[in-house]
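These protein sequence lines are chains S and Y, in that order.
Numbering of the first sequence is given in this note's numbering, commencing with residue 158 and proceeding in unit increments.
Numbering of the second sequence is given in this note's numbering, commencing with residue 158 and proceeding in unit increments.
Virtual Cβ for every residue (Gly too), placed ideally from N, Cα, C.
It should be emphasised that the depicted structure is a prediction, and the values quoted were computed from it without experimental measurement.
Structure first, then comments.
Protein chains: 2
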Amino acid sequence: MFRTQTCGELRLSDVNKTVTLAGWVQRTRKMGGMTFVDIRDRYGITQLVFNQDVNAELCEKANKLGREYVIQTTGVVKERSNKNAHIPTGEIEIIVTGLNILHSAEIPPFTIEDESDGGDDLRMQYRYLDLRRNCVKKNIELRHKMTFEVRRYLDEHNFLEIETPILIKSTPEGARDFVVPSRMNPGEFYALPQSPQTFKQLLMVAGFDRYFQIAKCFRDEDLRADRQPEFTQIDCEMSFVEQEDVLNIFEGMTKHLFKQIKNIDFTEPFPRMTWADAMKYYGSDKPDIRFGMKFVEIKDLTSGKDFVVFDSSEYVAGICAEGCANYTRKQIDGLTDFVKRPQIGAKGLVYVRYDADGTLKSSVDKFYTQEELKSWADRFGAKPGDLMLILAGNRLKTQKALGELRLEMGSRLGLRDKNKFAPLWVVDFPLLEWDEDTQRYYAMHHPFTSPKEEDIPLLDTDPGKVRANAYDMVFNGVELGGGSIRIHDGELQDKMFKVLGFTEEKAHYQFGFLMDAFKYGAPPHGGLAFGLDRFVSLFAGLDSIRDCIAFPKNNSGRDVMSGAPSIIDDSQLEELQLKLDLKDAK
Amino acid sequence: MFRTQTCGELRLSDVNKTVTLAGWVQRTRKMGGMTFVDIRDRYGITQLVFNQDVNAELCEKANKLGREYVIQTTGVVKERSNKNAHIPTGEIEIIVTGLNILHSAEIPPFTIEDESDGGDDLRMQYRYLDLRRNCVKKNIELRHKMTFEVRRYLDEHNFLEIETPILIKSTPEGARDFVVPSRMNPGEFYALPQSPQTFKQLLMVAGFDRYFQIAKCFRDEDLRADRQPEFTQIDCEMSFVEQEDVLNIFEGMTKHLFKQIKNIDFTEPFPRMTWADAMKYYGSDKPDIRFGMKFVEIKDLTSGKDFVVFDSSEYVAGICAEGCANYTRKQIDGLTDFVKRPQIGAKGLVYVRYDADGTLKSSVDKFYTQEELKSWADRFGAKPGDLMLILAGNRLKTQKALGELRLEMGSRLGLRDKNKFAPLWVVDFPLLEWDEDTQRYYAMHHPFTSPKEEDIPLLDTDPGKVRANAYDMVFNGVELGGGSIRIHDGELQDKMFKVLGFTEEKAHYQFGFLMDAFKYGAPPHGGLAFGLDRFVSLFAGLDSIRDCIAFPKNNSGRDVMSGAPSIIDDSQLEELQLKLDLKDAK
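Shown next as structure tokens:
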């Protein structure tokens, strides 16, 4: 061992001990005849002292140390006269008697500090240096601790962690599969799993009862800001359970994590909200309920007053921003621009100011009287000093836009505190989603999600109305995980495939082995999967999942550090019996 | 929840409780007016009782249950008159009052019993049924328990589990990479990692100090009997350590597993053996030291007696099989056939019987006198009643053949008890291996393995003689894991690349990002990786790793259950800008 202690553990009680430390040079300072060197390792920082008068040669050596040199040093622990209360080792220093340079270092391209001067691209290119920064390192430590506690909780609840294969059969449904050519079976391909879904259901058929896996999953999607081509799921499945059992176990797991990691007690059950209510009051299937500002619908109060925009809209609704009546014209224009952005897509924004003197001023004063505006304000529960912001249009689109506006106002009003955690179960999701382009239904989750028993007859008459035994866990407007009770009955599954427009052949080709398995006795089962990256990000207070992943990829799916993906040898392609067929030869 | 208890937990103390169980029908027996049904779940088997006289309808229903039906049943726990001491629930039974068929089942293609009538192919095709068998299920449970204990031990020793990417840069060295075409970067490919080697070294450069990961690894090799295209490693790396530190930590981990899982205490340090001794005495770099039968070299005693086979051989050595002097001609012929098999490749076998009366009989009596044979026997330490088996030829090849013969004799003599565990560290591996075909050196482990400091000068003069800081942990003749102290010095690494015949360009292209990283301060580091599949197999007493993997692939890399790999849609290929280029159109 190159050290007797780490750089984070020495205290006053260690004074006069002779110790050996090893680590990186954080900084050096020369003051008169003294040289101070901060040595850093994973555990902390310790101050080393070199005295020109005591050992000139050693002090010279110290003066030549550069940032990020790797050194090994021996010395005696002494009490500091000038204590540093900001670090745990701040009461001591090491009077150095020996110094060994283990590795020199070029000047790093950015400073290894919490507030670094490196931009994102540079940080990603030199990720191994970025990871040295305390603020990044602690996310990786947090991730370890969270996965360890997840495993501990699930093990205590009789779950078995079972590895499912990474090289699986391609079943293109939902997102695109990454595929892997098989050299031993030319012309054939494996796929990388988008999730272990079919395998975990097979494990239930196999009788494993309570399964989990912290599993790598893969989606060949065009990457949005916060997506990665490979990501990690806490994937779980249980047999002989109903929805309530699944919610209880994973609510328990989440509470366990909050308690163990953040020492936060959730003593009350997590609130629950139907998907219908989530859309109605928040315009989102993952409402941020750290704050109120629920949607208020006023279509009935606005009709017949010749305001065409409202009259021609199926849906008129708004939110009440408390204490915002003093918003300037410019601020309101800013909000109008916000909702008119293409990603949000509203046509315009109507506002009603409830001034402190009790009068109401709006952008639609031409059409509505004070009494009419007052009736709106009453429904909003608005008080003098509040600002009502109203959108109109097609119900679903307008709800979504209003949801975005609500989040924006929440942020502006400081209602979205990262240290406040608001859990929510969203339940009763629709089973199916209608797609206008292809004129067919798609499974909102996946084709194995079970409909609510009382809604099964609607599968024949009004499939869009069927609710599923499906649920999401939401925190602060982020979907942490979701799942469903599965169909375990072959006939119902066949019906689902039909509703989803699968031919019998296609259903058999893609899922035949699962359907065959069910024939040998499938238990009732259901499960849930959490996005680990998001879970860690929530705990770490990160805006992006990228910083809780040791080696993330950029938006083009590229690892700029190692240079993946890259071209491969022609001989490799030949062995795989493949040829490139590039459309735009470069 | 569909049950109040599992099928494994009811005891005499539960008598008179009303319970609900759910599970699979293991078997039904009709005896007079009574029907007995064994219900099985992951936790055990419980006997259900139906009485024709008490409830004829219910009993009728029970009589119609088939094997593997999924049922839910309610009843009252009663003491059995006819107790079954073989199962933990054998003192009670359930007098059933309610029965609910959750899922019917077709007749399974093989019996769900420890001694099944299903062959390997059938079992793999219906793996979900195979996994229901207790003997397979318990391997999967063992695997969970072992990985959990590995994590617990390493967490307690300050290791962080850090996920490294699965989609990485292709660095074709060693085995073949599986590659993954990148749709977003046409013409470019990711590779699947053969191990997280470079990433774990980068994590050391990043300062993480103690890393581990239970990681999926991939090798596109022609599969031998006991290889899988995807396999799992317990992958570890440490900074600021020497070989001794690594051995201590992982010897500790192994002892922890034996204690926790098998309640076996290893109180002594694991024995250590140099690679040179392992080859000299056992003809293997992974000796099975559950038994002795060490090689004895007798070249000097055999020379100059006109026996051309020995005289023309650089190496003459044998083993002494205790108490085997009574082997028949036929048995010895069998051993001769064994060593002459192409996989072993010996030309023949010389035997010397040390008969009970003190006389020596050999297959080379024409050439050697009794006194000469006696001098051999003395060197072998043979006693009357023993049998000496001797091979001759090229040293390395003959050592390997003799090693196989030794294992065969160990098996025949019952010296390889699966319940005996003989640990061994093999150390001081050669750094390089000479390959006759390509006339160059290859890294025996990988190009980052460090040479022993005292052997570095030999890199210039006699590279084949250089010993590495490399080590394997061996149990019962199986290599469980191995690792090395890495080169952390750039200059030495450059030299290694040169010895291995890498051009500067090639070294830079393949490992440039790692070498670049080192320039910013690399700590001394080293590590080890265990093959999890082998580790579990050892604990489970399995001959193949296949049965400790939930969904293994066969020797063609095929998952016969799901039908992976398979052809993919032309549209998928087109999106990837690839074309098949099949040599033998089928």
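CB contact check: D422 (chain Y) to chain S, cutoff 9 Å: Your numbering for residue 422 (chain Y) matches position 265 in the second sequence. No, D422 (chain Y) does not count as interfacial toward chain S.
DSSP bridge partner residues for L546 (chain S) (one or two, in chain order): Here the question's residue 546 (chain S) lines up with position 389 in the first sequence. Per DSSP, S:I476 and S:Y508.
Straight-line gap, L509 (chain S) to A534 (chain S) (C-alpha atoms, nearest Å): On the first sequence, residue 509 (chain S) is found 352 positions in, with the first residue counted as 1. On the first sequence, residue 534 (chain S) is found 377 positions in, with the first residue counted as 1. The residue you asked about is not Leu; residue 509 (chain S) is Val in the sequence shown. Roughly 8 Å separates the two Cα atoms.
Beta-carbon neighbours of V398 (chain S), restricted to chain Y and to distances below 8 Å: Along the first sequence, read from residue 1 onward, the residue named residue 398 (chain S) stands at position 241. What V398 (chain S) touches in chain Y: M158 and F159.
Where the beta strand (DSSP E) through A262 (chain Y) begins and ends: As a working mapping, residue 262 (chain Y) is identified with position 105 in the second sequence. Run containing A262 (chain Y): none; DSSP gives neither H nor E here.
For C292 (chain S), the first and last residue of its enclosing alpha helix (DSSP H): Translated into positions along the first sequence, residue 292 (chain S) becomes position 135. Element bounds for C292 (chain S): N291 to E313.
Supposed contact pair K326 (chain S) and S723 (chain Y) - C-beta distance, whole angstroms, cut 8 Å: Along the second sequence, read from residue 1 onward, the residue named residue 723 (chain Y) stands at position 566. Along the first sequence, read from residue 1 onward, the residue named residue 326 (chain S) stands at position 169. Confirmed, about 6 Å.
Within chain Y, the residues that E320 (chain S) reaches when beta carbons sit closer than 7 Å: Along the first sequence, one-based indexing puts residue 320 (chain S) at 163. Those within 7 Å of E320 (chain S) in chain Y are T389 and A707.
Three-state secondary structure (DSSP) of T321 (chain Y): The residue labelled residue 321 (chain Y) in the question sits at position 164 within the second sequence. In the structure shown, T321 (chain Y) sits in coil (DSSP, three-state: anything other than H, G, I, E or B).
Sequence-distant residues of the same chain with beta carbon closer than 8 Å to Q527 (chain Y), five excluded per side: Here residue 527 (chain Y) refers to the residue found at position 370 of the second sequence. T516 and L517.
Where the segment 645-679 of chain S meets chain Y: residues whose CB sits under 7 Å from a CB there: H645, F670, A674, K676, Y677, G678 and A679
Outcome for N633 (chain Y) when other beta-carbon atoms lying within 10 angstroms are tallied against a minimum of 16: As a position in the second sequence, residue 633 (chain Y) is number 476, starting the count at 1. Answer is buried; the Cβ neighbour count reaches 16.
Chain Y contact for I297 (chain S) (CB, 9 Å cutoff): Start at 1 with the first residue of the first sequence, and residue 297 (chain S) comes out as number 140. So, interface residue.
T342 (chain Y) and G714 (chain S) closer than 9 Å at C-beta: The residue you call residue 342 (chain Y) lines up with position 185 of the second sequence. The residue you call residue 714 (chain S) lines up with position 557 of the first sequence. At residue 342 (chain Y) the sequence reads Asn, which differs from the Thr that was named. Yes, they are a contact pair.
Contact the segment 677-687 of chain S vs the segment 624-642 of chain S: 3+ CB pairs below 8 Å: yes
Positions along the segment 335-356 of chain Y whose CB lies within less than 9 Å of some CB in chain S: F335, V336, V337, P338, S339, R340, M341, N342, P343, G344, E345, F346, Y347, A348, L349, T355 and F356
Residue from Y:G678, Y:N711 and Y:E661 whose Cα sits closest to the Cα of Q229 (chain S): Numbered from its first residue, the first sequence carries residue 229 (chain S) at position 72. Out of Y:G678, Y:N711 and Y:E661, Y:G678 has the C-alpha closest to the C-alpha of Q229 (chain S).
Neighbouring residues, chain Y, relative to L288 (chain S) (Cβ below 9 Å): Here residue 288 (chain S) corresponds to residue number 131 of the first sequence, with the count starting at 1. Residues of chain Y passing the Cβ test: L359, L360, V362, A363, G364 and F365.
Counted within 10 angstroms of its Cβ, other Cβ atoms place Q500 (chain S) as buried (16 or more) or exposed: If you number the first sequence from 1, residue 500 (chain S) lands on position 343. Classification for Q500 (chain S): exposed.
Residue-chain proximity (L414 (chain Y), chain S), Cβ-Cβ < 9 Å: Locating residue 414 (chain Y) in the second sequence gives position 257, where the first residue counts as 1. No, its Cβ sits nowhere closer than 9 Å to a Cβ of chain S.
Check whether P541 (chain S) and A513 (chain S) have beta carbons under 9 Å apart: In the first sequence, residue 541 (chain S) corresponds to position 384, counting from 1. In the first sequence, residue 513 (chain S) corresponds to position 356, counting from 1. Yes, these two residues count as a Cβ contact at 9 Å.
Residue range of the unbroken alpha helix (DSSP H) whose run includes G409 (chain Y): Translated into positions along the second sequence, residue 409 (chain Y) becomes position 252. Looking at the DSSP string, the run of the alpha helix (DSSP H) that includes G409 (chain Y) is Q400 to K419.
Segment limits, beta strand (DSSP E) that includes C216 (chain Y): Locating residue 216 (chain Y) in the second sequence gives position 59, where the first residue counts as 1. Element bounds for C216 (chain Y): not the beta strand (DSSP E) but the alpha helix (DSSP H), A213 to N220.
Alpha-carbon spacing of F427 (chain S) relative to D700 (chain S), whole angstroms: As a working mapping, residue 427 (chain S) is identified with position 270 in the first sequence. As a working mapping, residue 700 (chain S) is identified with position 543 in the first sequence. Going from the Cα of F427 (chain S) to the Cα of D700 (chain S) covers about 24 Å.
Contacts of E263 (chain S) in chain Y (Cβ-Cβ under 8 Å): Along the first sequence, one-based indexing puts residue 263 (chain S) at 106. Ordered by position in chain Y, the residues that pass the 8 Å Cβ test against E263 (chain S) are K676 and Y677.
Within-9 Å CB hit, M410 (chain S) to chain Y: By one-based count along the first sequence, residue 410 (chain S) stands at place 253. No, because no Cβ of chain Y sits closer than 9 Å to the Cβ of M410 (chain S).
Outcome for G232 (chain Y) when other beta-carbon atoms lying within 10 angstroms are tallied against a minimum of 16: Taking the first residue of the second sequence as 1, we reach residue 232 (chain Y) at position 75. By the neighbour-count rule (16 or more Cβ atoms within 10 Å), G232 (chain Y) is buried.
Those residues which DSSP pairs with Q204 (chain Y) across a bridge: As a working note, residue 204 (chain Y) is residue 47 in the second sequence. DSSP lists Y:D195 as partners of Q204 (chain Y).
Minimum C-alpha distance to R280 (chain S) - residue among S:A664, S:D726, S:R703 and S:L730: Position 123 of the first sequence, counting from 1, holds the residue named residue 280 (chain S). Of S:A664, S:D726, S:R703 and S:L730, the residue nearest in Cα terms is S:R703.
As assigned by DSSP and simplified to three states, the class of C705 (chain S): By 1-based counting over the first sequence, the position of residue 705 (chain S) is 548. Three-state result, C705 (chain S): helix.
Within-9 Å CB hit, A721 (chain S) to chain Y: If you number the first sequence from 1, residue 721 (chain S) lands on position 564. Interface residue, yes.
Nearest to F747 (chain Y) (by Cα), restricted to the options Y:E306, Y:M630 and Y:F692: Residue 747 (chain Y) lies beyond the residue range present for chain Y, which begins at 158 and ends at 743; the question has no answer from this structure.
Span of the alpha helix (DSSP H) around T618 (chain S): Along the first sequence, one-based indexing puts residue 618 (chain S) at 461. Counting along the chain, the alpha helix (DSSP H) containing T618 (chain S) begins and ends at L615 to T618.
Partners in chain Y for S713 (chain S), counting only beta-carbon separations shorter than 8 Å: The count along the first sequence starts at 1 and reaches residue 713 (chain S) at position 556. Those are M341 and N342, listed as they occur along chain Y.
Delimiting residues of the beta strand (DSSP E) encompassing S396 (chain Y): Residue mapping note: residue 396 (chain Y) aligns to position 239 of the second sequence, counting from 1. Segment E387 to S396, the beta strand (DSSP E) holding S396 (chain Y).
Terminal residues of the beta strand (DSSP E) in which R597 (chain Y) lies: Numbered from its first residue, the second sequence carries residue 597 (chain Y) at position 440. R597 to A600 is the extent of the beta strand (DSSP E) around R597 (chain Y).
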